[in-house]
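Colleague: My questions will all concern the structure given below.
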Amino acid sequence: MTHPLRPISFEFFPPKTDEGAAKLATTRRQLAQFNPEFFSVTFGAGGTTQDGTLRAVVDIQAAGHAAAPHLSCIGSTKDNIRAVVQQYKDHGIKHIVALRGDIPSGMGEFGEFRYANELVTFLRHEFGDWFHIEVAAYPEFHPQSASAEADIRNFVNKVNAGANSAITQYFFNADAYFRFVDEVQGRGVNIPIVPGIMPIQNYSQLQRFSDMCGAEIPRWLRLRLQSYADDTASIRAFGLDFVTELSDRLLAGGAPGLHFYTLNAAGAVSTVCQRLGY
């Protein structure tokens, strides 16, 4: 790899069992060798994993690493968001990933927030510059967006509300990322936009995730993965090669870093990071 190394970060989800917590601690220790800028921890729809997110980020911080909790605002109130964020501040957390979040099944009301830019505005009003605020970006556009133009406007609104940086939804087409960055920079956006990277380990799982979040699996890639059928070893070997090449191209093209969706497992992510020279 000939590109300069840039900051990396890793994303976890809150474990629900003692066994899951032990596995996550092991994963964190394995990935810490790459000196990540931070570890982030997701936050369930409507705050369903709120307590687990807090426990996970406190554990990460206690181990000597920077932690960034995700914060979803849909279905919540200002009082509830204020209380949650105050807990993070009280624990010395300085970094938040501010999201609208998915609408929970059966929810009839949005709560006091409809869009992530409203959450960013609220956080800035309540907590000033205490937090580094990260927001989401969608190079292939949010699946619920009315149009590509509307999605671009929504992203610009989040930046103008006070976001410091952004992490993208994962994607498998580097050109989509570069086009998105060019588009928003042309509208005055100058914050770092870090590409999200999803390892390829299991095709059916990847297909399910991608259908839910709107990430496109290019036809050639879908057919290539389908051709391996149940040959998991070949899927993983090909996936490692493909994701490493994608990451390398992004870094070579000027991406300010990489954010890995780990699914609480270190194996594939570690291999990619090693191949990239971290």
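In the working numbering, the protein residues as written are 72 to 349.
Even glycine gets a Cβ: it sits at the ideal position worked out from N, Cα and C.
(1) When you compare only the Cα positions, how much space is there between residue 161 and residue 167?
(2) What would DSSP say about residue 169, mapped onto helix, strand or coil?
(3) Return the first residue and the last residue of the beta strand (DSSP E) that residue 333 is part of.
(4) Excluding five sequence neighbours on each side, which residues of the same chain lie with their C-beta closer than 6 Å to the C-beta of residue 236?
(5) Would you list the residues sitting across from residue 238 in a DSSP beta bridge?
(6) Grab me the residues of residue 292's own chain with a C-beta within less than 8 Å of its C-beta, minus the 5 sequence neighbours each way, in chain order.
(7) Taking all protein chains shown into account, decide if residue 304 is buried (16 or more other Cβ within 10 angstroms of its Cβ) or exposed.
(8) Buried or exposed for residue 330, please, with buried defined as at least 16 other CB atoms from any protein chain shown within 10 angstroms of its CB.
(9) The beta strand (DSSP E) that contains residue 260, what's its start and end?
(10) If distances are taken between C-alpha atoms only, which option among 154, 110, 275 comes closest to residue 131?
(11) Of all the options 125, 283, 77, which has the alpha carbon lying nearest to the alpha carbon of residue 155?
(12) If you run the structure through DSSP and keep just helix, strand and coil, what is residue 139?
(13) Going along the chain, which residues of its own chain have a beta-carbon closer than 8 Å to the beta-carbon of residue 118, five neighbours each way excluded?
(14) Check whether the stretch 90-106 touches the stretch 279-289, taking contact to mean three or more Cβ pairs, one atom from each stretch, closer than 8 Å.
(15) Would residue 75 and residue 328 qualify as a contact pair, given that the criterion is a beta-carbon distance under 8 Å?
(16) What residues in its chain sit with their C-beta under 6 Å from that of residue 207, if we drop five residues either side in the sequence?
(17) If I follow the unbroken beta strand (DSSP E) through residue 288, where does it start and stop?
(18) In terms of residue numbering, what span does the beta strand (DSSP E) encompassing residue 198 cover?
(19) Between which residues of its own chain and residue 188 is the CB-CB distance below 6 Å, once the five residues before and five after are set aside?
(20) Report yes if the CB atom of residue 318 is closer than 8 Å to the CB atom of residue 347, and no otherwise.
(21) Nearest to residue 295 by alpha carbon, out of 287, 260, 306, 285?
(22) Give me the Cα-Cα distance between residue 299 and residue 316, rounded to the nearest whole angstrom.
(23) Do residue 223 and residue 241 count as a contact pair if the criterion is CB distance below 8 Å?
(24) Return helix, strand or coil for residue 108, following the three-state DSSP convention.
(25) Report buried or exposed for residue 90, applying the criterion of at least 16 other Cβ atoms within 10 angstroms of its Cβ.
Modeller: This is what the structure gives:
(1) C-alpha separation (whole angstroms): 14 Å.
(2) Under the three-state reduction of DSSP, residue 169 is assigned to strand.
(3) Boundaries for residue 333: no beta strand (DSSP E) harbours it, and the DSSP string shows neither H nor E there.
(4) Contacts found: 205, 262, 263.
(5) DSSP lists 207, 265 as partners of residue 238.
(6) 243, 313
(7) With a threshold of 16 other beta carbon atoms within 10 Å, residue 304 falls short and is exposed.
(8) buried
(9) Counting along the chain, residue 260 falls outside any beta strand (DSSP E), and DSSP gives it neither H nor E.
(10) 110
(11) 125
(12) strand
(13) Since pLDDT at residue 118 reaches only 49, below the 50 mark, its modelled position is unreliable, and the value read off the structure follows with that caveat. The answer, listed in chain order, is 143, 146, 147, 151, 155.
(14) Too few Cβ pairs lie closer than 8 Å, so no.
(15) Their beta carbons are not under 8 Å apart, which means residue 75 does not touch residue 328 by this criterion.
(16) 170
(17) Unbroken run through residue 288: none, as it is neither H nor E.
(18) Unbroken run through residue 198 is the alpha helix (DSSP H), 187-198; no beta strand (DSSP E).
(19) 228, 229, 232
(20) yes
(21) Comparing Cα positions, the closest option is 306.
(22) Their Cα atoms are separated by approximately 20 Å.
(23) no
(24) coil
(25) exposed
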